[in-house]
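These notes are about the structure you will find just below.
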Amino acid sequence: MDFVRKVDGEVKVLAGIVPVVSARMAEYMNENVPGIFVPQDIIDEMKGVPKGKRVKKGIEVAARIIRKIKEEKICDGVHIMFIGREERIPEILEAAELL
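So for the sequence shown, this note's numbering puts the first residue at 178; every next one is plus one.
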C-alpha cells in the first residue's frame, strides 16, 4: 500500500481482488501463486465458516476490502477475479456499495 501512495497521480493502479472461499484456498494462494498475499486475519476469519456459507463470506470479505480501498483512496479501481464464479461478481459490487 505504501508503494501505491508514493506513485499517486503518476500512474493508474488497480488492486487485484480474488475472493477466497476457504482458509485452505487462501493458504494455497499465499504459498503457490506469485504476487498474491492473503493476510492472516482473513485466513483466520475464513477458518470458522461452515462449508455452505464460504462463498457468501468470501463475497463479504471482498466487498469489505473494496469499500476500504475506495474510502481510503488507496488506488484507482479494482479488478475482481472470482475464478469460476464470475456470475457472482454483481453481488460483490452490490455489497461494496458500487451498484
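All C-beta atoms in this analysis are idealised placements derived from N, C-alpha and C, irrespective of residue type, glycine included.
> Where in the segment 197–233 do unbroken runs of the beta strand (DSSP E), each at least 3 residues long, occur, reported from the N-terminal end onward?
Replying inline: none
>> Closest to Lys233 by C-alpha separation, out of Glu271, Ile213, Asp253, would be which residue?
In response: Looking up residue 233 in the sequence shown gives position 56. The candidate whose alpha carbon is nearest that of Lys233 is Glu271.
> Which two residues bound the contiguous beta strand (DSSP E) that contains Val194?
Replying inline: In the sequence shown, the residue the question calls residue 194 occupies position 17. This sequence places Ile at residue 194; Val is not what is there. Per DSSP, Ile194 belongs to the beta strand (DSSP E) from 191–194.
> For Met206, which residues of its own chain have a beta-carbon under 8 angstroms away from its beta-carbon, when the five flanking residues on both sides are left out?
Replying inline: Residue numbering aside, residue 206 sits at position 29 when the sequence shown is read from its first letter. For Met206, the CB contacts under 8 angstroms within the same chain, skipping 5 residues up- and downstream, are Val195, Val197, Ile213, Val215 in chain order.
> Between Ala273 and Ile243, is the Cβ-Cβ spacing less than 8 angstroms?
Replying inline: As a position in the sequence shown, residue 273 is number 96, starting the count at 1. As a position in the sequence shown, residue 243 is number 66, starting the count at 1. Yes. Within cutoff.
>> Measuring alpha carbon to alpha carbon, tell me which residue in Lys250, Val210, Cys252, Ile236 is nearest Glu222.
In response: As a working mapping, residue 222 is identified with position 45 in the sequence shown. Measuring from the Cα of Glu222, the nearest candidate turns out to be Ile236.
>> If I follow the unbroken beta strand (DSSP E) through Ile257, where does it start and stop?
In response: Here residue 257 refers to the residue found at position 80 of the sequence shown. Start and end: 254–257.
> Using the beta-carbon count (16 or more within 10 Å), is Glu268 buried or exposed?
Replying inline: Taking the first residue of the sequence shown as position 1, residue 268 is located at position 91. Buried, because 16 or more other Cβ atoms sit within 10 Å of the Cβ of Glu268.
>> Helix, strand or coil, according to DSSP, for Lys245 in the structure here?
In response: Indexing the sequence shown from 1 puts residue 245 at position 68. In this structure, Lys245 counts as helix in the three-state DSSP scheme.
> Where does Ile251 sit, in a helix, a strand or coil, going by DSSP?
Replying inline: Taking the sequence shown and counting its residues from 1, one reaches residue 251 at position 74. Under the three-state reduction of DSSP output, Ile251 falls in the coil class, being neither helix nor strand.
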